[in-house]
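Engineer: Count along the sequence shown from 1, then add 855; that gives the number in this note's numbering. Heads up, the beta-carbon is just placed ideally off N, CA and C, and yes, glycines get one too.
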Amino acid sequence: MNQPDRGPRDPVEPDLTAGATRAERKLSQILDGARAVFCEQGFGGASVDDIARRAGISKATMYRYFPDKAAIYAEVLRRDCQRQAMLMEPCTQRLPLEEHLMEHARRYLHLIVSPFMQDVFRAAVAESGRTPEFGRDFYASGPDKGRMMVAPILRAAAERGEIAIDDADFAANQFFALCAAEVFYKSLFGVVDAFPEEELEEKARVAVTTFLRAHAPAKGAGPDTA
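Written out as structure tokens, the structure is:
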């Protein structure tokens, strides 16, 4: 019997547990439970008991994997960022520069206004003073991961003469700062509860246009052959 067409489907998230060992599957089980609890209660409101209960394991088992709640949170964030990176790579690797940057801008804007990521930002600021490695892990898994994804794109574009930049890493950070602009702080401080899809699209377009205009090569300049 033919199944009814249910319309377009969301992209399938990468399966990070394919071929995993029993220990790796248990780790994924913990992280799935932890993410659900963090999304519902935030970092401050979540407890190790809540996470263990949601994951369906004992606290003793969980402590064999993580020393404390902050370590669990950092790993949840790292896994989320890994999934975002895996989703981005096949979507953008063959696109022209402007469309490539637009795709990164869209994904980044949707990410930073999501309730989960907003709570991550707040927790990172609150916890990094007491637990410096928490802040370092957040930076490495989040902002710095974005730089590492975009900098090679910009470097290659500069070598082709499409843009003029001296430092691809710095330019990548500039790009994400343009994307975030007012959106990040308005979301973080609750000035705006939710941005309409069309507004996020416009913010992405303005960020990309501004960035490319600022780094447009001088007239007559060719590819960088240095």
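Write down the C-beta distance between A1027 and R1002 rounded to the nearest angstrom, noting that I regard them as a contact closer than 8 angstroms.
Structural biologist: Between the beta-carbon of A1027 and that of R1002 there is about 5 angstroms, and that keeps the pair under the 8 angstroms contact cut.
Engineer: Whole angstroms are fine: how far does the CA of F893 sit from the CA of R919?
Structural biologist: Within the model, the alpha-carbon separation for R919 versus F893 is close to 20 angstroms.
Engineer: Below 8 angstroms, how does it come out for the stretch 1011-1018 and the stretch 1048-1059: are there three or more Cβ pairs, yes or no?
Structural biologist: no
Engineer: When you compare each of T876, R985, A1073 and I927 to G888 by their alpha carbons, which one comes out closest?
Structural biologist: I927
Engineer: In angstroms with no decimal places, state the Cα-to-Cα distance between E1053 and A907.
Structural biologist: 40 angstroms
Engineer: Tell me the residue span of the alpha helix (DSSP H) that contains I967.
Structural biologist: L952 to I967
Engineer: Between the C-alpha atoms of A880 and I1008, what's the straight-line distance to the nearest angstrom?
Structural biologist: Note that residue 880 corresponds to Arg in the displayed sequence, not to Ala. Distance between the alpha carbons of R880 and I1008: 34 angstroms.
Engineer: Among R949, H955 and G899, which one has its Cα closest to the Cα of V975?
Structural biologist: G899
Engineer: Touching or not, the stretch 1042-1052 and the stretch 961-981, by the rule of three or more beta carbon pairs under 8 angstroms?
Structural biologist: Short answer: they touch.
Engineer: Report the option in L1033, R934 and Q937 whose CA atom is closest to the CA atom of R961.
Structural biologist: The residue with the shortest Cα to Cα distance from R961 is L1033.
Engineer: Report the start-end ranges of each alpha helix (DSSP H) in the stretch 997-1045 that is 4 residues or longer and not cut off at the edges.
Structural biologist: 998-1014 and 1023-1043
Engineer: Does DSSP put I912 in a helix, a strand or coil?
Structural biologist: coil
Engineer: How about L932 and G997: do their beta carbons lie closer than 8 angstroms?
Structural biologist: yes
Engineer: For the candidate residues E954, I885 and Y1040, whose alpha-carbon lies nearest to that of A910?
Structural biologist: I885
Engineer: What did DSSP end up calling V903 once you bin it into helix, strand or coil?
Structural biologist: helix
Engineer: Check each candidate in E988, D1024 and T1065 and name the one with the smallest Cα separation from V1005.
Structural biologist: D1024
Engineer: Can E953 and L1067 be called in contact, C-beta distance under 8 angstroms?
Structural biologist: Contact: yes.
Engineer: For F921 and E958, I'd like the C-alpha separation in whole angstroms.
Structural biologist: 35 angstroms
Engineer: Measure the Cβ-Cβ separation of F1030 and L956 and say whether it is below 8 angstroms.
Structural biologist: yes
Engineer: Grab me the residues of D992's own chain with a C-beta within less than 6 angstroms of its C-beta, minus the 5 sequence neighbours each way, in chain order.
Structural biologist: A929
Engineer: Which of helix, strand or coil does DSSP assign to G984?
Structural biologist: coil
Engineer: Buried or exposed for V1038, please, with buried defined as at least 16 other CB atoms from any protein chain shown within 10 angstroms of its CB.
Structural biologist: buried
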